[in-house]
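K.L.:
The following block contains the structure, expressed as structure tokens.
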Amino acid sequence: AYKAVLGLSDVDMVILATPPGFRPIHFAAAIAAGKHVFMEKPVAVCPTGINMVMAAGKLAAEKKLAVVAGTQRRHEPRYIETMKRIHDGAIGDLNMMRIYRVHGPVYCPKPPAGANELAFQIQHPFSFNWLTGGFFIDWHCHNVDVACWTKGAWPVSAQAMGGRCFPEAGNLFDHYCVEYTFADGAKLFAFSRHMNGCWQDYADFAHGSKGAAVLMTSLADPKTRIYKSQNMADSDLVWQFGEPDPNPYHAEWQVLLDAIRQDKPHNESRRAAEADVAALMGRMAAHTGAYITWDQALNSNVELVSNVDAMTLETPAPLLAGPDGIYPAPLPGITKEC
159 AYKAVLGLSD
169 VDMVILATPP
179 GFRPIHFAAA
189 IAAGKHVFME
199 KPVAVCPTGI
209 NMVMAAGKLA
219 AEKKLAVVAG
229 TQRRHEPRYI
239 ETMKRIHDGA
249 IGDLNMMRIY
259 RVHGPVYCPK
269 PPAGANELAF
279 QIQHPFSFNW
289 LTGGFFIDWH
299 CHNVDVACWT
309 KGAWPVSAQA
319 MGGRCFPEAG
329 NLFDHYCVEY
339 TFADGAKLFA
349 FSRHMNGCWQ
359 DYADFAHGSK
369 GAAVLMTSLA
379 DPKTRIYKSQ
389 NMADSDLVWQ
399 FGEPDPNPYH
409 AEWQVLLDAI
419 RQDKPHNESR
429 RAAEADVAAL
439 MGRMAAHTGA
449 YITWDQALNS
459 NVELVSNVDA
469 MTLETPAPLL
479 AGPDGIYPAP
489 LPGITKEC
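The numbering used here numbers the first residue of the sequence shown as 159 and each following residue consecutively.
This is the structure in structure tokens:
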């Protein structure tokens, strides 16, 4: 069906918002067809897909096609202003960041009797790594991207732990803890847990030699803030973004439409793909139990599923539940993702 849409001469722009396991083939086909693109994040679920996106993004630049990715915080004024201040030295040398996405569970129901297994998995994509990369990729990649933007660099390595406490999470882990390291030794700690009855938060913090910053918080007051202390006491507040913040989902669309209408170069595919690589490093480290470097993640030829483009509803599902109805989760020390 996507090929039929791309073959229409009166289609100038396409929206890629199906599960990201299909994103690389859709993006490559859209660029080959000469279409401008809005693609949701993440842009791929494995290194092979990442490299397909990067290659298509390079072709998009050559064709002068506009590409915007769904990393909407990159277009949000409170983040843009906060990043400018941090990069100008407001909290000194950045040495540690902490990001949290810990809230309610990912839930995968049992397939109805007689259900088409492939269709069932596509209808419940957040429960299957091959479709969304898992929630650490599909949801937490925003926080990972913002942290790397704050640092002004991508991490060089990652080590991680994780697991699955509740089998209703599909074939995902339901908790991750990742330690990223940057070239100068700075650390990023990423915490992601999806279970009921546990402490919840959705927040990002940055710590430097002269102070600290709240990049986002799930508390009632969403203002970004800069402090002159590490404990971020109210009395040490230096600055906060207090202006009304335009809807970032509208802002990213305005960037895309302006680029198309004004024939201005704009291509976010490489940056979005690199943010995906950073997130993938954490997932790979947790799933495999290995120490993962940036180069390993970027240059791996691992595919979670091959021949996605050849799928029909008669294709066997790439993952099947066991006799107990439970989908197999990754096994650190055994699972290979790089």
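Every residue gets a Cβ at the ideal spot worked out from N, C-alpha and C, and that includes glycine.
Apart from the five residues on each side of it in sequence, which residues of its chain come closer than 6 Å, Cβ to Cβ, to Y449?
P.N.:
Counting only Cβ-Cβ distances below 6 Å, and skipping sequence neighbours, we find Q317.
K.L.:
Answer yes or no: do G179 and L289 have a C-beta to C-beta separation smaller than 8 Å?
P.N.:
Yes, the Cβ-Cβ distance between G179 and L289 is below 8 Å.
K.L.:
Measuring straight from C-alpha to C-alpha, what distance separates G491 and A431?
P.N.:
Those two C-alpha atoms are separated by around 27 Å.
K.L.:
Sort L395, N274 and P269 by Cα distance to A371 and report the nearest one.
P.N.:
Ranking the options by Cα distance to A371, first place goes to L395.
K.L.:
To the nearest angstrom, report how far apart M374 and P235 are at their CA atoms.
P.N.:
Computed Cα separation, rounded: 13 Å.
K.L.:
Are there 16 or more other CB atoms within 10 angstroms of the CB of D168, so buried, or fewer, so exposed?
P.N.:
Looking at its Cβ environment, which holds fewer than 16 other Cβ atoms inside 10 Å, D168 is exposed.
K.L.:
If you scan the segment 182 to 224 from start to end, which runs of the beta strand (DSSP E) of 3 or more residues do you find wholly inside it?
P.N.:
As far as the segment 182 to 224 is concerned, its whole beta strand (DSSP E) runs of at least 3 residues are 194 to 197.
K.L.:
Helix, strand or coil for G179 per DSSP?
P.N.:
Helix at G179.
K.L.:
State the start and end residues of the unbroken alpha helix (DSSP H) segment that holds L544.
P.N.:
What is shown of the chain runs 159 to 496, which leaves residue 544 out entirely.
K.L.:
Looking at Y385 and G497, is the spacing between their C-beta atoms short of 8 Å?
P.N.:
Absent from the structure is residue 497, since the part of the chain shown begins at 159 and ends at 496.
K.L.:
Can you tell me which of A248, G262, A327 and L174 puts its alpha carbon nearest to the alpha carbon of G483?
P.N.:
When only C-alpha atoms are compared, the closest one is A327.
K.L.:
Take every Cβ of the segment 425 to 444, pair it with every Cβ of the segment 302 to 319, and state whether three or more of those distances are shorter than 8 Å.
P.N.:
With the cut-off at 8 Å, the segment 425 to 444 and the segment 302 to 319 touch.
K.L.:
For R259, which residues from the same chain have a beta carbon less than 7 Å from its beta carbon, with the 5 sequence-adjacent residues on both sides left out?
P.N.:
Cβ neighbours of R259 beyond the five flanking positions: W297, H298, N301, S350 and Y360.
K.L.:
With distance defined between alpha-carbon atoms, name the residue in A487, L489, D467 and A479 nearest to A159.
P.N.:
Nearest of A487, L489, D467 and A479 to A159, Cα basis: D467.
K.L.:
Looking at the unbroken beta strand (DSSP E) that takes in L276, where does it start and where does it end?
P.N.:
No beta strand (DSSP E) holds L276; the alpha helix (DSSP H) holding it covers E275 to Q281.
K.L.:
Report yes if the CB atom of T308 is closer than 8 Å to the CB atom of I244, and no otherwise.
P.N.:
Cβ distance < 8 Å, so T308 and I244 count as in contact.
K.L.:
Rounding to the nearest angstrom, what Cα-Cα distance links P270 and V460 in this structure?
P.N.:
Answer to the nearest angstrom: the Cα atoms are 32 Å apart.
K.L.:
In this structure, how does DSSP classify C299 when only helix, strand and coil are distinguished?
P.N.:
Helix, per DSSP.
K.L.:
With G498 as the anchor, note down where its beta strand (DSSP E) starts and where it stops.
P.N.:
Coverage of the chain is limited to positions 159 through 496, which leaves residue 498 absent and any answer about it impossible.
K.L.:
Is the closest heavy atom of the ligand PLP to the C-beta of C335 under 7 Å?
P.N.:
Looking at this structure, you won't find the ligand PLP or any other ligand, since it has none at all.
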